[in-house]
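First up is the structure itself, then whatever we jot down about it.
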């Protein structure tokens, strides 16, 4: 895939959308992009991990990361150093997270999990999914799906429980900084978006799910405007990572984020080169 030139101020909304879409297709095939993820394995006891060498074990409670025991013959590098013996692989929640390299194409890192546990994520830059990938099917740009909503702050510390795809109905509390409200066809909507870096992540479902778009739902990343509004450009609705790899555990839309109407804007599905669904 060729690199696309950066957008200019003179571009139309349709051209800006085309650039955004091309960048999305490029991002998912990166060496640690969504299509490269092959394994996410929680390390709760001493164990091996599917597809990679070494023995992995949890650290004492309160410490970031997991323990790795390997020999030089295993060829594992942690932070650029060949492992011979036992080392600590620091998690992404550490100020200095570790990088793991298994081969020229296979890499990994460690993420924090609920309950103080950690998991190893393994990425393959030549994964089967990357080899089969044809593109991200998306609706044409539609200005009718650029919605201006109202934004109001919640009391500090407001949280909402979000269920995740693989959590068997359990919820995880996420901080919800404010309320996103708008009306459509005489119905009022009060949406919840949680913090994701500097942005807000809106996890939503609509009547297109499992019809023309991915069954689980989609994501929209937004930020409040200075005038107290927030722009919901559903043309930039994206597929969750679990649409590209079963090794992700994605948040599901809470009840207030489930629209009864069809939002025919944004990404639909990840597809193979022949146009069939990747998952």
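Numbering (our numbering), first residue to last: 69 to 347.
Just so you know, even glycine gets a beta-carbon here, dropped at the ideal spot from N, CA and C.
Check: Helix, strand or coil for residue 313? Go by DSSP, reduced to three states.; Outcome: coil
Check: Determine, using beta-carbon pairs with one atom in the stretch 292-312 and one in the stretch 172-179, whether at least three such pairs fall under 8 Å.; Outcome: no
Check: Cα-Cα, which of 183, 159, 172, 280 is closest to residue 332?; Outcome: 280
Check: Nearest to residue 232 by CA position, among 306, 140, 315, is which residue?; Outcome: 315
Check: Report all residues from its chain with a CB closer than 8 Å to the CB of residue 135; omit the five preceding and five following residues, and keep chain order.; Outcome: 124, 125, 126, 127, 154, 155, 156, 157
Check: Please state whether the Cβ-Cβ distance between residue 311 and residue 330 is less than 8 Å.; Outcome: no
Check: For residue 246, which residues does DSSP report across the bridge?; Outcome: 221
Check: Roughly how many whole angstroms lie between the Cα atoms of residue 69 and residue 94?; Outcome: Because residue 69 carries a pLDDT of 47, less than 50, the predicted location of this residue cannot be relied on, and no value is offered for it.
Check: For the alpha helix (DSSP H) holding residue 198, just list the boundary residues, first then last.; Outcome: 196-200
Check: Residue 124 by DSSP, collapsed to three states: which one?; Outcome: strand
Check: Cβ atoms of residue 201 and residue 336: under 8 Å apart, would you say?; Outcome: no
Check: Alpha carbon to alpha carbon, how far is residue 105 from residue 320? Give it in angstroms, no decimals.; Outcome: 20 Å
Check: Within 8 Å (strictly less), CB to CB, does residue 254 reach chain D?; Outcome: Absent here is chain D; the protein component of the structure consists of one chain.
Check: Bridge partners for residue 339 per DSSP, in chain order?; Outcome: 203, 345
Check: Decide if residue 190 is buried, meaning its Cβ has at least 16 other Cβ atoms within 10 Å, or exposed.; Outcome: buried
Check: State the DSSP-derived secondary structure class of residue 293, mapped to helix, strand or coil.; Outcome: coil
Check: Count the other CB atoms within 10 Å of the CB of residue 96; is the residue buried (16 or more) or exposed (fewer)?; Outcome: buried
Check: Since I believe residue 275 is in contact with residue 268 (beta carbons under 8 Å), could you give me their beta-carbon distance rounded to a whole number of angstroms?; Outcome: Not really, about 23 Å apart at Cβ, beyond 8 Å.
Check: Quick check on DSSP: helix, strand or coil for residue 351?; Outcome: What is shown of the chain runs 69 to 347, which leaves residue 351 out entirely.
Check: Using CA coordinates, which residue listed in 325, 286, 318 is at the minimum distance from residue 256?; Outcome: 325
Check: Below 8 Å CB to CB, which residues in the same chain sit around residue 130 once its five sequence neighbours on both sides are set aside?; Outcome: 184
Check: Could you tell me whether the stretch 212-232 touches the stretch 299-309, using the rule of 3 or more Cβ pairs below 8 Å?; Outcome: yes
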